[in-house]
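Per the numbering used here, residue 18 is the first one in the sequence shown, and the count goes up by one each step.
No residue lacks a Cβ here, since even glycine has one placed at the ideal position from N, Cα and C.
Step one of this worksheet: look at the structure below.
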Amino acid sequence: MPAAFPKIKAIRYEGADSKNPLAFKHYNPDEIVEGKSMKDQLRFSAVYWHTMRGMGSDMFGVGTMQRPWEDGTNSVKMALKRVPVMFEFCQKLGVPYYAFHDRDVAPEGRNLGESNKNLDVVAKELKKFQKDTGIKLLWGTACLFVNPRFMHGAATSPNADVFAYAAAQVKKALEVTHDLKGEGYTFWGGREGYSTLLNTNMKRELDHLAAFLHMAVEHKKKIGFTGQFYIEPKPKEPTKHQYDSDAAACLNFLREYKLTDHLQLNLETNHATLAGHSMQHEMEVAAAAGALGSIDANTGDLLLGWDTDQFPTDIYLTTQCMLVLLKAGGFKTGGTNFDAKVRRESFDPVDLFHAHIGGMDAFARGLKIAAAIRKDGRLDAFVKQRYSSYDSGIGQQIEKRKVGFKELSDYALKMGEVKTNQSGRQEFLENLINDFI
Ligand code: XLS
Ligand code: NI
Ligand code: NI
């Protein structure tokens, strides 16, 4: 099979002075940052759905992408031809991981049995290429939102047959992920949500979603799959209200249904902003609950209100992400997964490289900057100092729960007025961060 990107050689680190657009200026895989190589800190991953299957169509127009290796069919034959393309791409780019939905890699057949067979045929090829290239599967997932059967949701569909179908699909996707030694498996809500409460029994749908996840956990144990399960929050799109709306909502759902031991969060930047949060906020919420699993690295557009899934280029954003990640001790099973797509005007195959190189360099800079801020220590010291009234005296007694309202009332009556609070120094701290960027 001829190379899909014949003119592109392996992307190398050339340093900040390089003018070569097909080189890394900041991502130097073997460079050590906070005790680990950048490769191991960042654990980059490319996605099959956008990078291989995204054709640039939108609500107003058909696809624009020029992909010379595509033959225009959604056949098993074409699916097999796409596998070497994806691996050539990942290998030339130097990403150690990839991720997919079942239906990205293999076409849906006339029935579930045929779909499963199609998936097996392509998975065999994926396995071969994983072995040959050393590229690994970060996580697998099932597409439970494209086919019309899922119009009302999958696990939250009012139709029990749809629930059963979705369960069968996830069962298969889990088994394939396990066979490919996937390090995780992601549940993104798809159409698990509602468009109007007039036709929706929310409590029943949430119970069903929890039952579905418990069944997945049981099956995971049964087949001996030890990869990490993730749930991926998103507040809206495609439904008006998605149940897994943000990190806090997901954590509450997992807690309510006793699933916290089994799922961590896979957070996506554009989903965070759709929810009215920053990615840093979402990561901080997850980290505080010990549930920061993986990230879908992309970005939205300030002026557009939907999931534009653009490649991240903003160093301020990547710095914030890496500050939280390093504080939380880094990735264990997760990675920096580019759930991002090139603009439909960027139709050339080389644009896929420009996009990922930019994202990887942006995260590499974020990582180095975050590490420098941490080494400097002033930010950390400031926050520590800000809470120091809890390190001794009455504060310590509060934290240790040695006092109650009665004791605190006695204390406050004696104390008189509270001494002036310390300044929050937001502007000073913003300037401090900018000194590193
Ligand atoms: C869509 C989601 C999706 C998940 C995987 O908005 O980001 O791509 O990451 O199903
Ligand atoms: Ni995603
Ligand atoms: Ni998205």
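| Item | Value |
| --- | --- |
| Taking just the CA atoms, how far does Asp326 sit from Leu319? | 12 Å |
| Going by the C-beta, is Lys251 closer than 7 Å to any heavy atom of ligand 1? | yes |
| Check whether the stretch 384-396 and the stretch 69-89 are in contact - that is, three or more C-beta pairs closer than 8 Å. | no |
| Would you say the beta carbon of Asp263 comes nearer than 7 Å to a heavy atom of ligand 2? | no |
| Taking the continuous beta strand (DSSP E) assigned at Gly201, which residues delimit it? | Gly201 to Trp205 |
| On the DSSP bridge list, what partners appear for Gln281? | Tyr247 |
| Looking at Ile152 and Pro113, is the spacing between their C-beta atoms short of 8 Å? | yes |
| Rounded to the nearest angstrom, what separates Ile411 and Lys423 at their Cα positions? | 13 Å |
| Can you confirm whether the stretch 360-367 touches the stretch 306-318 when touching is taken to mean that 3 or more C-beta pairs between the two stretches lie within less than 8 Å? | no |
| Do you know offhand how far Asp47's Cα is from Leu430's? | 60 Å |
| Please check the pair Phe453 and Ile390, which I expect to be a contact at CB under 8 Å, by giving their CB distance rounded to whole angstroms. | 5 Å |
| Suppose only complete runs of 4+ residues qualify. What are the alpha helix (DSSP H) ranges in the stretch 308-383, listed by chain order? | 332-344 |
| Hey, out of Gly130, Glu105 and His225, whose CA is closest to Phe370's CA? | Glu105 |
| Around the Cβ of Glu209, are there at least 16 other Cβ atoms within 10 angstroms (buried) or fewer (exposed)? | buried |
| Does Leu116 come out as helix, strand or coil in the three-state DSSP assignment? | A small fix is needed here, since residue 116 is Ala in this sequence, not Leu. Note: Ala116 maps to strand in three-state DSSP. |
| Roughly how far, in whole angstroms, is the beta-carbon of Gln245 from the beta-carbon of Gly201, given that I think they are within contact range, below 8 Å? | 4 Å |
| Roughly how many whole angstroms lie between the Cα atoms of Arg120 and Thr336? | 34 Å |
| Could you compute how far the alpha carbon of Ala116 sits from the alpha carbon of Ala159? | 11 Å |
| Which residues neighbour ligand 2 when neighbourhood means a C-beta less than 5 Å away from any of its non-hydrogen atoms? List them by chain order. | Glu285, Asp313 and Asp356 |
| Would you call Asn128 buried or exposed, if buried means 16 or more other Cβ atoms sit within 10 Å of its Cβ? | exposed |
| Could you tell me if the beta carbon of Glu118 falls within a distance shorter than 7 Å of some heavy atom in ligand 3? | Before going on, a small fix: residue 118 reads as His here, not Glu. Flag unset: Cβ of His118 not near ligand 3. |
| Report back the beta-carbon spacing between Ile28 and Ile374 to the nearest angstrom; my notes put them in contact at under 8 Å. | 6 Å |
| At a threshold of 7 Å, does Asn287 count as lining ligand 3 (C-beta to nearest heavy atom)? | yes |
| Trp156 lies in the beta strand (DSSP E); which residues open and close that run? | Lys153 to Thr158 |
| Answer yes or no: do Glu285 and Asp356 have a C-beta to C-beta separation smaller than 8 Å? | yes |
| Can you give me the Cβ contacts of Trp323 inside the same chain, cut-off strictly under 7 Å, excluding the 5 residues immediately before and after it? | Glu254 |
| Can you list, in chain order, the residues of its chain whose CB lies under 7 Å from that of Cys267, leaving out five sequence neighbours each side? | Ile248, Pro250, Asp261 and Leu282 |
| So Leu309 packs on Met300, CB below 8 Å; how close in whole Å? | 6 Å |
| Measure from the alpha carbon of Ala265 to the alpha carbon of each residue in Thr256, Ala289, Ser92 and Lys257, then state which is nearest. | Ala289 |
| Output yes or no for whether 8 Å exceeds the beta carbon distance between Val509 and Arg166. | Because the chain spans 18 through 454 in this model, residue 509 falls outside it and cannot be assessed. |
| Between which two residues does the alpha helix (DSSP H) holding Phe399 run? | Arg395 to Arg403 |
| When you compare the CB positions of Tyr182 and Val122, do they come within less than 8 Å of one another, or not? | no |
| By a C-beta neighbour count over all protein chains shown, 10 Å radius and 16 as the cutoff for buried, is Asn135 buried or exposed? | buried |
| Locate the beta strand (DSSP E) running through Phe167, then write down its first and last residues. | It is not in any beta strand (DSSP E) - Phe167 carries neither H nor E in the DSSP assignment. |
| To the nearest angstrom, report how far apart Glu235 and Glu273 are at their CA atoms. | 18 Å |
| Between Thr173 and ligand 1, is there a pair consisting of the residue's CB and a ligand heavy atom that are separated by less than 7 Å? | no |
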